[in-house]
Amino acid sequence: MGWWLAASGLTATSESAMPRLFQRRGIFLPVRVPSPFDTDQRLHEAASRQAMDIGMPGSSPQSVNRRRWISGVIAVLSVLLVAALFWGWRNAPTQSTPANLAHTYTQALKQAHEGKPGAARVLYQQLARTDLSDAHRVSLLAELSNYPSPQALKLIDASLKDESVEVRQAAIATSVKLVSSSQRSLLLGPMLDDREQSVRFSATSALLGLSPDDLGLYFAVLQQSAEAFQEALESQPATVDNQLQLARLYLQTGDLDPALKALQRATAMDPQNIEAALAHIELLDKKGQAEKARSLFAGLLEHHPDSALLQHALGMWLVDHGQGEFALLSLAKASELAPQNNDYRYDLAVALHDLDQLEAAQKQLVQIVQNDPANRRARVLLIQYWKENGQLQNVQILLAELEQLNPDDPALQQGL
1 MGWWLAASGL TATSESAMPR LFQRRGIFLP VRVPSPFDTD QRLHEAASRQ
51 AMDIGMPGSS PQSVNRRRWI SGVIAVLSVL LVAALFWGWR NAPTQSTPAN
101 LAHTYTQALK QAHEGKPGAA RVLYQQLART DLSDAHRVSL LAELSNYPSP
151 QALKLIDASL KDESVEVRQA AIATSVKLVS SSQRSLLLGP MLDDREQSVR
201 FSATSALLGL SPDDLGLYFA VLQQSAEAFQ EALESQPATV DNQLQLARLY
251 LQTGDLDPAL KALQRATAMD PQNIEAALAH IELLDKKGQA EKARSLFAGL
301 LEHHPDSALL QHALGMWLVD HGQGEFALLS LAKASELAPQ NNDYRYDLAV
351 ALHDLDQLEA AQKQLVQIVQ NDPANRRARV LLIQYWKENG QLQNVQILLA
401 ELEQLNPDDP ALQQGL
């Protein structure tokens, strides 16, 4: 303000002189320049605010305190809300989670199918998931037979209790390859009482062929289930497939005459059906008519010389009848016609080994392991054959690879 006074020709000699100076100019404007150390004005303003608060209608001290309390509660709730939102955001799955889970499943399936290191671990992890689709679980179960362990048995047992019919049926099929005959009856026996008919019949097919000793307490239950299965098939319109299934069922239960009738119906519908012809050969064998069976084989080979299925069946038939040397020709032909069929090659290796052709048998098994590194059955048999031949370095290599695949494999625990 000093510059304004100076411009007006006045001097601010004292604060008390300022009103008079304005009066002499005909202006009455009591202006006071506050000092930085003057507290009178601050006290006056504070008193004015307090008077206004007290003087406002409905603004008693209690209402003031209430407003302050409400403001505090609102502030606390706001902090809690922000914290809750942050926590939820932090723990919420990202949008890529489903894609990541699907990718994990795909990688686990590929790793197990191709026999990569750590395959058993990732396979078990995926099967232990509760959010896995039925189709994905079925695909993973198909790989589980190559990775046996106590954990694998737990996963199979859980799958047998799954709500999905398809999953339970897949678990039954896997258990046939995963466990021994005696264990199979304990694992699958309860499935004969499953609420779903198709599951009961799948369990029946898996248990038929076991000895009464292996079946134990489930022997009588299995017979009842087999009869119910037969009745269900007979009540259906006849097709080649269900008549073949019915014939096999009768063959397994020893009912040869009904089996023959079912085969005749299947053959009448499809005279060139090789599976029906092979079932007929099995029937002739059970009746002790080996020469008729051999004659039927000859006729089939004349019409289907390039059938790998037929060549393999003939080879196995010759093995069963003590003609291993002749069997080698058919088994080798089957492997030649179907080089990717590891089951055919495996049977050829066993036949070679039985004829003391150990090196040739090892070559067949090596080929299987190269084609299918996850093939545990071939790997374990190759380890045994190499041990017989004293090739301990190769044994150690295969054992190390097996441990990388599945460190809990029973073959490792038994010190194979």
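As numbered in UniProt numbering, residues 1 to 416 make up the sequence shown, in order. All residues carry an ideal CB built from backbone N, CA and C; glycine is no exception.
{"Item": "Contacts around Gln414, its chain only, beta-carbon distance under 7 Å, and the 5 residues preceding and following it disregarded", "Value": "none"}
{"Item": "Cβ-Cβ distance between Ser175 and Leu186 below 7 Å", "Value": "no"}
{"Item": "Neighbour-count burial assignment, Leu405, 16 or more Cβ in a 10 Å radius", "Value": "buried"}
{"Item": "Exposure label - Glu388; buried when at least 16 CB within 10 Å", "Value": "exposed"}
{"Item": "Between the CA atoms of Ala266 and Val240 - distance to the nearest angstrom", "Value": "5 Å"}
{"Item": "Element boundaries [alpha helix (DSSP H), containing Gln323]", "Value": "Taken as a continuous stretch (DSSP letters only), Gln323 belongs to no alpha helix (DSSP H), as it is neither H nor E."}
{"Item": "C-beta atoms of Asp354 and Gly324 nearer than 7 Å", "Value": "yes"}
{"Item": "Cβ shell of residue 470 (< 7 Å), same chain only, five flanking positions each side left out", "Value": "As shown, the chain starts at 1 and ends at 416. That puts residue 470 outside it, with no answer to give."}
{"Item": "Continuous alpha helix (DSSP H) assignments of at least 4 residues falling wholly in the stretch 107-170", "Value": "119-127, 134-144 and 150-160"}
{"Item": "Whole-angstrom distance between Pro410 and Gly322, CA atom to CA atom", "Value": "32 Å"}
{"Item": "Top-ranked residue by Cα proximity to Glu163, from Arg294, Ser133 and Leu283", "Value": "Ser133"}
{"Item": "Whole-angstrom distance between Tyr124 and Ala170, CA atom to CA atom", "Value": "16 Å"}
{"Item": "Residue environment, Ala259, which counts as buried when at least 16 other CB atoms sit within 10 Å", "Value": "buried"}
{"Item": "Residues near Leu358 in its chain [Cβ-Cβ closer than 7 Å; skip 5 each side]", "Value": "Tyr385, Glu388 and Asn389"}
{"Item": "CA nearest to the CA of Asp213, picked from Ser182, Leu278, Leu140 and Gln340", "Value": "Ser182"}
{"Item": "Test item: CB-CB of Leu381 and Leu399 under 7 Å", "Value": "no"}
{"Item": "Cα-Cα separation, Asn273 to Ala298", "Value": "15 Å"}
{"Item": "Terminal residues of the alpha helix (DSSP H) in which Ala180 lies", "Value": "Here residue 180 turns out to be Ser, not Ala, going by the sequence shown. Here Ser180 belongs to no alpha helix (DSSP H), and DSSP marks it neither H nor E."}
{"Item": "Cβ pair Val122, Ala142 closer than 7 Å", "Value": "no"}
{"Item": "Neighbour-count burial assignment, Gly115, 16 or more Cβ in a 10 Å radius", "Value": "buried"}
{"Item": "Cβ pair Leu352, Ala308 closer than 7 Å", "Value": "no"}
{"Item": "Residue interval of the alpha helix (DSSP H) (run including Ala290)", "Value": "Ala290 to His303"}
{"Item": "CA-to-CA distance, Ser335 to Leu249, given in whole angstroms", "Value": "29 Å"}
{"Item": "Distance CB(Leu178)-CB(Leu155) smaller than 7 Å", "Value": "no"}
{"Item": "Chain-order list of residues whose beta-carbon lies under 6 Å from that of Ala247 (same chain, five-residue window excluded)", "Value": "Ala259, Ala262, Leu263 and Ala279"}
{"Item": "Cut-off 8 Å between Cβ atoms - residues of its own chain near Val221, not counting five sequence neighbours on either side", "Value": "Gly189, Leu192 and Asp193"}
{"Item": "Exposed unless 16 or more other CB atoms sit within 10 angstroms - verdict on Ala268", "Value": "exposed"}
{"Item": "Contact belief for Ala226 with Thr204 at Cβ below 8 Å, rounded distance in angstroms", "Value": "6 Å"}
{"Item": "Nearest-angstrom Cβ-Cβ length linking Ser159 and Arg168, presumed shorter than 8 Å", "Value": "7 Å"}
{"Item": "Under 7 Å between C-beta atoms of Leu296 and Leu310", "Value": "no"}
{"Item": "Per-residue burial, Ala361 [other beta carbons within 10 Å of its own, 16 or more giving buried]", "Value": "buried"}
{"Item": "Distance CB(Leu244)-CB(Ala276) smaller than 7 Å", "Value": "yes"}
{"Item": "Inter-residue spacing [alpha-carbon to alpha-carbon] between residue 438 and Leu392", "Value": "Any question about residue 438 goes unanswered here, given that the chain covers just 1 to 416."}
{"Item": "His373 versus Glu234: straight-line alpha-carbon distance, rounded", "Value": "Sequence inspection shows Pro at residue 373; the His mentioned does not correspond to that position. If I take the Cα positions, the gap works out to 43 Å."}
{"Item": "For Thr239, the three-state DSSP class (helix, strand or coil)", "Value": "coil"}
{"Item": "Backbone CA spacing between Ile74 and Lys110 [nearest angstrom]", "Value": "56 Å"}
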